[in-house]
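Residue numbers (this note's numbering): 1 to 400.
Positions of the beta carbon are idealized from the N, C-alpha and C atoms, including for glycine.
For reference, the structure discussed in these notes is given below.
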Ligand code: DI6
Ligand code: FE
């Protein structure tokens, strides 16, 4: 039993929209779970005997959750960034064999150890800002061995660092050159066959795809989703990032946990997501990097009651971003989310996007994953640009 006392706690739970700020508050933990959260005056006497840590009135939030990353990948695309600044479009570079496919070449060539060594500094940067749960996708291998290699690296990260890693099978990210002209062949021989193998090896927590003109159609993704559902795997989808293919509505109808990006999402997609409880994962780092001007329909999502999450999308092409705090700032400044929505977007709603019910909130029974900030108010987390006020991370009830 441990008590973290003298805190200002932003209580995120399922009873309050946004959060409740409680001063002179304490969190008591029992093992890796929260046993009590609330005013110190209400702390049951039984907990007073536990080890007590005085947090000096600092702000406590749930540990942050980055629910959408491609943080394991070979190489970088700094040169492509330069080309875009010289006028080439993202789609033109992709069609010319650059873009995702250049990261695929680098990822295939890299050993597991090399991928791990290049990913760890990026992971550590996220952790230094209070991240305690991290989602990592495959999608730069595009052959079974390379896709599984990426997910093995993701699992190793979870073993090497105090962070919970959730893995996602994203073989339907792009069509590799060896399958040019044979889309069904790629889906059968790599996307579905690899899903079977990865599932059997315990490497896959969810299945995702890139539903886009330069990637896979809603019909192709539906076939992949049917297969994933037969294996009992939850679904996610990159949808409506560059155009409206109806991907989000299709994903919602399949019961997907989330649809991500959504700049070009229309009314049908919003209604389908609201009906299904599908989380809208907004990725302002990609919006910013692509200098997109079409905003995701935040007001309509809010009005329809669709839960909104934010994530870094950390990837070498469209979001070389390793700051979830900056994603929160961009969510506020670019997408007009309120700071309270931004906090929920990287805690409770991010957990929902991963299908996790035991974290991203501060209530008894939840995992004791906390972030302690040198801050007084949660709005400070969205407000500053490039400043990290993290004081400490508590992972499974332990300071790390
Ligand atoms: N959407 C994105 O923004 C990234 N993947 C995706 O499905 C971009 C991937 C890349 O360009 O490497
Ligand atoms: Fe992505």
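- The beta-bridge partner set that DSSP reports for residue 54 consists of 5.
- Exposed is the label assigned to residue 268, since fewer than 16 other Cβ atoms lie within 10 Å of its Cβ.
- Looking from the CA of residue 126, the closest CA among 189, 28 and 346 belongs to 346.
- Three or more pairs of CB atoms, one per stretch, sit closer than 8 Å, so the stretch 347-363 contacts the stretch 128-140.
- Relative to the ligand DI6, the beta carbon of residue 210 is positioned inside 6 Å of a heavy atom.
- In this chain, the alpha helix (DSSP H) harbouring residue 287 covers 284-289.
- A distance below 7 Å between beta-carbons, with the five flanking residues on each side excluded, links residue 279 to the following residues of its chain, in chain order: 257, 258, 307, 309, 349, 352 and 353.
- Straight-line measurement puts the Cα of residue 1 at about 44 Å from the Cα of residue 287.
- A Cβ-Cβ distance of about 17 Å is found for the pair residue 39 and residue 53, leaving them out of contact under the 8 Å criterion.
- Out of 284, 243, 146 and 203, the CA that lies nearest to the CA of residue 166 is found in 203.
- When rounded, the separation of the alpha-carbon atoms in residue 35 and residue 48 is 12 Å.
- Judged by beta-carbon spacing, residue 169 lies within the 7 Å limit of residue 195, meaning their Cβ atoms are closer than that value.
- Cβ contact annotation for residue 213 (same chain, cutoff 6 Å, sequence separation greater than five): 243, in chain order.
- For the options 190, 375, 95 and 179, the alpha carbon positioned closest to that of residue 147 is the one of 190.
- Distances between the C-beta of residue 313 and the heavy atoms of the ligand FE include at least one below 6 Å.
- With respect to residue 72, residue 10 sits apart: the two C-beta atoms are not nearer than 7 Å.
- By the Cβ criterion, the stretch 56-72 is in contact with the stretch 375-384, since at least three pairs of Cβ atoms, one from each stretch, lie closer than 8 Å.
- CA-CA distance, residue 82 to residue 102, rounds to 15 Å.
- In this chain, the alpha helix (DSSP H) harbouring residue 348 covers 348-353.
- Residue 393 sits in a strand when the DSSP states are folded into three classes.
- A distance below 7 Å separates the beta carbons of residue 29 and residue 397.
- When the alpha-carbon of residue 41 is set against those of 65, 7 and 12, the nearest one is in 7.
- Leaving aside the five residues that flank residue 235 on each side, the residues in its chain whose CB is nearer than 8 Å to its CB run, in chain order, 206, 207, 208, 225, 228, 229, 251, 254, 255, 256 and 257.
- Short of 8 Å from the beta carbon of residue 298, and not among the five residues preceding or following it, lie these beta carbons of its own chain, in chain order: 282, 308, 335, 336 and 337.
- For residue 318, the CB falls within less than 6 Å of some heavy atom of the ligand DI6.
- In terms of Cβ geometry, residue 87 and residue 93 do not form a close pair [threshold 7 Å].
- DSSP places residue 102 in the uninterrupted alpha helix (DSSP H) bounded by 100-109.
- Taking the Cβ of residue 99 as the reference point, at least one heavy atom of the ligand DI6 falls within a distance shorter than 6 Å.
- When DSSP states are grouped into helix, strand and coil, residue 66 belongs to the strand group.
- Beta bridge pairing from DSSP links residue 315 with 319.
- Residue environment analysis places residue 174 among the buried positions, since at least 16 neighbouring C-beta atoms fall within 10 angstroms of its C-beta.
- In the structure shown, residue 298 falls within a helical segment according to DSSP collapsed to helix, strand and coil.
- Membership of residue 258 in the beta strand (DSSP E) is indicated by the continuous run 258-261.
- The beta carbon of residue 27 lies closer than 8 Å to those of 3, 4, 7, 9, 34, 36, 37, 60, 362, 368 and 370 in the same chain, with the five residues before and after it left out.
- In the assembly as shown, residue 385 is an exposed residue. Its beta-carbon has fewer than 16 other beta-carbons within 10 Å.
- Around the CB of residue 78, fewer than 16 other CB atoms lie within 10 Å, so the residue is classed as exposed.
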